[in-house]
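Below is one structure, written out as structure tokens; the observations come after it.
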Amino acid sequence: DAKTTQPPSMDCAEGRAANLPCNHSTISGNEYVYWYRQIHSQGPQYIIHGLKNNETNEMASLIITEDRKSSTLILPHATLRDTAVYYCIVQDQGAQKLVFGQGTRLTINP
Amino acid sequence: EAGVTQFPSHSVIEKGQTVTLRCDPISGHDNLYWYRRVMGKEIKFLLHFVKESKQDESGMPNNRFLAERTGGTYSTLKVQPAELEDSGVYFCASSQDNGYYGYTFGSGTRLTVV
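Chains as they are written, first to last, in this note's numbering: chain D, 1 to 110; chain F, 111 to 224.
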């Protein structure tokens, strides 16, 4: 079973920041937080990951709370192409397999 | 570089027939994974290859499914005989390392068993 909880759906206006929350209250010390997304008719796409520090790359920012029990994925300037299902996954590096939950269906509106 | 390629993109077969799905990982990626999403359910892990060896096949649903990766390059997933509940989208992914920097997924094969 997935170890994360996400809202089933969210809406965001084009050009605004999209903030996607994720709860992972049972995360253990050696588990990372990964975010993937699946755009319609494509395979899942890796976005970003982190352990305890905030992370930023060309796609998004990841904010992890100090107690590591929750995190937020931030798409700073959402575009219509960011409409997708976003998955928050906690993963032990030794596991080498992803456990997907239902994810959050993000809709970017013009 | 070329991404993960899956063939065919769609397949429609009758119950009881055999279907073989193919996955070509990114060149040089030793790790290859199969996942699937059946109707209304989450994406589920099926198995993991390291080169030609099966590292973890805990997600394979039953013995009607056979995965191979001869020579450690491309992989095939055969379903024989196919059942209605096998319908879904089958994804392949690959990674150079243990997935720390993420896995690269293919676009999937949509299998419909009628």
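Idealized CB from N, CA, C, for every residue including glycine.
Tell me whether residue i is buried or exposed, calling it buried when 16 or more other Cβ atoms sit within 10 Å of its Cβ.
i, result
"D67 (chain D)", "exposed"
"T79 (chain D)", "exposed"
"S97 (chain D)", "Per the sequence presented here, residue 97 (chain D) reads as Lys, with Ser not at that position. K97 (chain D) should be labelled buried."
"N54 (chain D)", "exposed"
"R146 (chain F)", "buried"
"D11 (chain D)", "exposed"
"P135 (chain F)", "buried"
"V129 (chain F)", "buried"
"T26 (chain D)", "exposed"
"G29 (chain D)", "exposed"
"S204 (chain F)", "buried"
Thinking C-alpha only, which one of the options is nearest residue i?
i, options, result
"S163 (chain F)", "F:G182, F:L131, F:F175", "F:G182"
"V160 (chain F)", "F:Q190, F:V224, F:Q206, F:G212", "F:Q206"
"Q127 (chain F)", "F:F155, F:Q116, F:A112, F:S197", "F:S197"
"T115 (chain F)", "F:K125, F:Y200, F:G150, F:A192", "F:Y200"
"K151 (chain F)", "D:I27, D:I108, D:D1", "D:D1"
"C202 (chain F)", "F:I123, F:H139, F:K125", "F:H139"
"Y213 (chain F)", "D:Q102, D:V85, D:I89, D:T4", "D:I89"
"Y211 (chain F)", "D:I108, D:T107, D:Q93", "D:Q93"
"Q91 (chain D)", "D:S25, D:V33, D:S9", "D:V33"
"S137 (chain F)", "F:N208, F:N172, F:A192, F:Y184", "F:Y184"
"Q190 (chain F)", "F:G113, F:E124, F:F117, F:S119", "F:E124"
"G50 (chain D)", "D:R16, D:Q42, D:G43, D:K69", "D:K69"
Residues in its own chain within less than 6 angstroms of residue i by CB, not counting five upstream and five downstream?
i, result
"T72 (chain D)", "N19, P21, I63"
"P7 (chain D)", "T104"
"E167 (chain F)", "L157"
"L176 (chain F)", "K188"
"Y46 (chain D)", "Y36"
"D82 (chain D)", "L75, I108"
"I39 (chain D)", "A84"
How is residue i classed by DSSP in three states: helix, strand or coil?
i, result
"E167 (chain F)", "coil"
"D140 (chain F)", "coil"
"D196 (chain F)", "helix"
"T26 (chain D)", "coil"
"L51 (chain D)", "coil"
"V114 (chain F)", "coil"
"M149 (chain F)", "coil"
"E62 (chain F)", "Residue 62 (chain F) is absent from the model: chain F starts at 111 and stops at 224."
"A13 (chain D)", "strand"
In chain order, what residues of the same chain have a beta carbon less than 8 angstroms from the beta carbon of residue i, not counting five sequence neighbours either side?
i, result
"A60 (chain D)", "W35, I47, I48, L73, I74, L75, P76"
Using 8 angstroms as the cut-off, classify the Cβ of residue i as near or not near the heavy atoms of the ligand GDP, replying yes or no.
i, result
"R132 (chain F)", "You won't find the ligand GDP in this model; it holds no ligand whatsoever."
Quick one: what's got a C-beta closer than 7 angstroms to residue i's C-beta in the same chain, skipping five residues either side?
i, result
"P118 (chain F)", "T219"
Next on the checklist: I'd like the ranges of any beta strand (DSSP E) spanning at least 3 consecutive residues and lying wholly in the region 56-104 of chain D.
Outcome noted: Counting whole runs of 3 or more residues, the region 56-104 of chain D contains the beta strand (DSSP E) stretches 61-64, 70-75, 84-92.
Item to check | Runs of beta strand (DSSP E) lying entirely within the region 167-194 of chain F, each at least 3 residues, in chain order | outcome: Complete beta strand (DSSP E) runs here, min 3: 175-178, 185-189.
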